[in-house]
Amino acid sequence: MTNTTPYVASTSAVSTEQQTILVIDDHTAQTNDIADGLTDSNYKVTVAQMDTTIWRHIQRTQPDLVILVLAQPDAGALAICQQLKQHESGFLPIILVTAKTNANEHLDFVRTGTDAYLFQPIVKQEFMARVDALLAVRQRFSQLLSDNHQLALELADRNAQLETALQTAQELDLIKTAIISNVNHELRTPLLQVKSSVALLQEDIPPETTAETLINMATQAIDRLENTVTSITQLAESQNVNLGPTNLDESINLAIRQLRRSSKFPIQEYNRIIQNYPKHLPLVLADKRGIAQVLLHLLDNALKFSPDGGLVEVLIEPQGREAVGIGVRDPGIGIPTTKLPHIFESFYQVDASATRSFGGVGVGLTLANMILRQMNSSLQVKSEPGIGSTFYFVLPQVTLPD
Ligand code: ADP
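The working numbering puts the first residue of the sequence shown at 859, with every later residue one more than the last.
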């Protein structure tokens, strides 16, 4: 460097401490001067020689600025500048310092994207101003890239949320449509049964019909009505999910209490449910009442579709430190493989015949799945006819700080 201008330390707003400058030389004497000047200005400086390993060296050390100090610009230097500019993933500034050349050589480097071209003898003040300015641009560029990346992540997250909301809304719409088209059957049929049973009881009862049969018919019809009304109410409630650290044992106990309170099954049936999981369980990110509602549906089905008795197990299996699997296993009638893809559709029942001996309207699994989807989970099933079924889902563990 010439000594005509006093050395002026960096005054830009750029933080110089973090930034690494790679000075590449071709054995000219000026490199040391340049490196020393930059070090005095608090930049981290490394010096490397212009040879065949330089490209690998740059990739390994990932500098923030490259300064090529060459006696004469040559084809090798031009190739390095081209390579650097072609492969830069952000903005890697390059300064070329050489002896004065003719205009054409200078332009070749400008065309590669070389950011500054300084002729020897360089003036310290100008040189440092270029270094500071280019590093400031690099920093702003990196900040922009990082902001952009953050925005892209947030956008992807938002899109995923919207997708779930849209899916839930579409599903809800389908269920509403299905309810409306099923209302005739699901509400009117039992209503008519109650009406005609009561009317027969008021009038002369035909000899072949006893009062007890009519009362049983009316009671069953009322139960069916109640089931349908409950499902519709739950449909509305299934949209209010509040995520937070959740103790699974509490949700399971809540589900069992609610099931017992419903008195849908003879009292001894509830004793078939066993809670088969470790005492100390990790917390999961979920909605306590939502999970209880899902388990209520699964336990109801497990008891209902295992008419020959046997244990209904609630299973919990932590999966590493990230997730927890929750399942309900029954030794019941099972589901044929061809029917499995349909059981989560609203109002779908494997046996939809009039002689079907199980209650229910066919929306339990749809509701359970809708609730789980709002917790970024979904129901899975393994089933074999005559052997039984396991319905399960996975929730994320809550990691508490150590
Ligand atoms: P519902 O139980 O009211 O009929 P669901 O939506 O809960 O409606 O279930 C849909 C269908 O899936 C049931 O009708 C039944 O055919 C099948 N299913 C659900 N759970 C079980 C189970 N544990 N074992 C056998 N079949 C089941």
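The beta carbon of each residue, even a glycine, is placed where N, CA and C say it ideally should be. What you are looking at is a predicted structure, and each value in this text was computed from that prediction instead of being measured.
When beta bridges are read from the DSSP output, Asn1134 appears opposite Leu1173. The Cβ neighbour count for Ala1079, taken over all protein chains shown within 10 Å, is at least 16; the residue is labelled buried. Relative to ligand 1, Gly1185 has its C-beta separated by 7 Å or more from all heavy atoms.
The straight-line gap separating the alpha-carbon atoms of Asp1031 and Ala1023 is approximately 12 Å.
DSSP places Ile1184 inside the beta strand (DSSP E), whose first and last residues are 1181-1188.
Looking at the DSSP output, Leu976 shares a beta bridge with Val955.
The DSSP-derived three-state label of Phe967 is helix. Bounds of the beta strand (DSSP E) holding Pro1254 are 1246-1254. In the DSSP secondary-structure assignment, Glu1242 is bridged to Gly1246.
Classified as exposed, Phe977 has fewer than 16 neighbouring CB atoms from the shown chains inside 10 Å of its CB.
Counting along the chain, Leu1045 sits inside no alpha helix (DSSP H), nor does DSSP assign it H or E at all. Counting only the Cα atoms, Leu1050 lies some 38 Å from Ser1109.
With a cut-off of 7 Å, the C-beta of Ser1247 is classified as near ligand 1, since at least one heavy atom of the ligand falls inside that distance. Of the residues Thr911, Leu896, Tyr901, Val968, the one whose Cα lies closest to the Cα of Pro931 is Val968.
Note that the segment 1198-1207 does not touch the segment 1138-1155; fewer than 3 beta-carbon pairs, one per stretch, sit closer than 8 Å. Per DSSP, reduced to three states, the secondary structure at Ala1210 is coil, with no helix or strand assignment. Taking non-hydrogen atoms of ligand 1 into account, the C-beta of Thr1022 is found less than 7 Å away from none of them.
For Ala1144, the beta-bridge partners assigned by DSSP are Gly1102.
Three or more beta-carbon pairs drawn from the segment 898-915 and the segment 931-944 are found closer than 8 Å, and the two stretches are therefore classed as touching. In the DSSP assignment, Ile925 falls within the beta strand (DSSP E) that extends over 923-927. The beta carbon of Val1208 sits closer than 7 Å to at least one heavy atom of ligand 1.
For the 8 Å CB-CB criterion, Asp1145 and Leu1173 do not form a contact. In the DSSP secondary-structure assignment, Ala906 is bridged to Ile882. DSSP places Thr919 inside the alpha helix (DSSP H), whose first and last residues are 912-919. Placement of the Cβ of Ala1014 at a distance of 7 Å or more from every heavy atom of ligand 1 is found.
Only residues of its own chain outside the window of five on either side were considered, and among them Ser1109 have a CB closer than 6 Å to the CB of Ile1149, listed in chain order. If you draw a 10 Å sphere on the C-beta of Thr1195, you find fewer than 16 other C-beta atoms in it, and that means exposed. Rounded to the nearest angstrom, the Cβ distance from Gly1185 to Tyr1250 is 3 Å, consistent with a contact under 8 Å. For Gly1246, the closest of Gln1255, Leu1223, Met1228, Ile1191 by C-alpha to C-alpha distance is Ile1191. Within a 10 Å sphere around the beta-carbon of Pro1165 sit fewer than 16 other beta-carbons, which makes this residue exposed. Where Thr1068 is concerned, there is no enclosing alpha helix (DSSP H), because DSSP gives it neither an H nor an E. In this structure, Val989 keeps its C-beta atom at 8 Å or more from the C-beta atom of Leu926. Contact between the segment 1225-1241 and the segment 1115-1125 is absent, with fewer than three C-beta pairs closer than 8 Å. Judged by their CB atoms, Val1170 and Ile1131 are nearer to each other than the 8 Å cut-off.
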